[in-house]
Amino acid sequence: MTLTESPASVYQGQFGEFTINQSDRTGVIIYRTALMVAALSFAIASILVLFYTNTFTIQAITPLYTVFCLALGVSLLTIHIYLAPLHRLLQVFWLIGCISSFVFGHFDSQPFAVTVYTHPLSLFGVGFIFAALTGIFFKEAFCFNRLETKVLTFTVPILLLGHLVGVLPIQAERILLGLWAILFVVFALRKAVQEIPPDIGDKSVFAYLKSKSIKTA
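Heads up, the sequence shown is in UniProt numbering, so the first residue is 1 and it goes up one at a time.
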């Protein structure tokens with residue numbers, strides 16, 4: 001991937017021709033870079049939880065989680081989703097999750113990771129962050145038929161809901177968390193080498209849906 005200037009390319013879409021210009025390509029690069037940052041932050045935090053649990057590493061999870069949330073927010077700003085209401089819903093989920101995380105992170109004396117783990121009901125707020133992430137996994141699974149995103153679409157809610165209601169043994173939670181971290185990185189790496197145009201999608205569909213919304217407004 002490169003940020004050097006490229007000529008606009010013309011494609012035939014469902015509702016007419018459209019062009020993919022440098023701005024479109026840059027948006028995809030930002031989306032993929034943000035996904036990579038989010039995946040690596042999550043993976044590092046997961047490694048600390050699974051293998052190096054002590055006071056220092058538990059506290060280190062908080063800044064890693066902050067980086068993860070910010071990167072996820074950037075990816076949700078730059079992702080291409082045909083259904084605008086779904087796109088906005090995922091962004092609202094992200095915002096609710098960020099606000100909840102800020103509240104739990106600053107108004108509880110325990111480290112953030114300990115608070116969330118020992119108070120599963122906090123997932124009713126913090127969990128919205130991961131619902132937004134699951135939305136990205138679902139979109140990618142639906143559009144590109146990727147095995148890792150199909151697995152993640154089910155792994156994330158199973159782990160979070162299982163912890164919320166207390167039905168998963170600790171070992172099962174550790175396995176699911178490890179699987180989540182590995183597949184998230186695999187997903188981000190595969191996105192990095194994917195051709196850019198498919199991530200932009202059919203711009204004629206976006207134009208058609210926008211014109212319909214204007215007419216019905």
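C-beta atoms are modelled at their ideal positions from N, C-alpha and C, and glycine is treated no differently. Nothing here was measured: the structure is a model prediction, and the numbers come from that model.
For residue i, the three-state DSSP class (helix, strand or coil)
i	result
residue 74	helix
residue 126	helix
residue 66	helix
residue 2	At residue 2, the pLDDT of 40 sits below 50, so the modelled position is not reliable and the matter cannot be decided from this model.
residue 20	strand
residue 116	helix
residue 10	strand
residue 85	helix
residue 194	coil
residue 109	coil
residue 98	helix
residue 27	helix
residue 157	helix
residue 164	helix
residue 182	helix
residue 32	helix
residue 146	coil
residue 53	coil
residue 201	coil
residue 175	helix
residue 79	coil
CA nearest to the CA of residue i, picked from the options
i	options	result
residue 203	38, 63, 83, 99	83
residue 191	28, 73, 128, 205	28
residue 147	186, 41, 67	186
residue 247	198, 73, 109	Outside the displayed range of the chain (1 to 217) lies residue 247, so it cannot be described from this structure.
residue 290	133, 98, 113, 112	Because the chain in this structure spans residues 1 to 217, residue 290 falls outside the shown range and cannot be described.
residue 54	200, 69, 111, 95	111
residue 133	178, 95, 172, 201	95
residue 56	175, 163, 176, 113	113
residue 44	129, 205, 177	177
residue 143	193, 171, 129, 200	200
residue 130	71, 205, 194, 168	71
Own chain residues within Cβ distance below 7 angstroms of residue i, not counting five before or after
i	result
residue 151	183
residue 76	90, 91, 94, 132
residue 188	35, 36, 39
residue 42	68, 181, 184
residue 58	111, 113, 114
residue 122	104, 115, 116
Cβ-based neighbour list, residue i, same chain, cut-off 6 angstroms, excluding 5 preceding and 5 following
i	result
residue 127	160
residue 1	Caution is warranted here: a pLDDT of 40 is assigned to residue 1, below 50, making its placement in the model unreliable, and no coordinate value can be reported.
residue 73	94
residue 100	125, 126
Residues near residue i by beta carbon distance below 8 angstroms, same chain, minus five either side
i	result
residue 173	159, 162, 163
residue 166	120
residue 78	27, 28, 30, 31, 34
On the three-pair Cβ rule with 8 angstroms, is the stretch 128-144 touching the stretch 102-119?
-> no
Say whether the stretch 100-115 touches the stretch 48-68, bearing in mind that this needs 3 or more beta-carbon pairs closer than 8 angstroms, one atom from each stretch.
-> yes
Would you check if the stretch 48-60 and the stretch 86-99 touch, i.e. whether three or more CB-CB distances between them fall below 8 angstroms?
-> no
Between the stretch 158-177 and the stretch 19-33, do three or more beta carbon pairs fall short of 8 angstroms?
-> no
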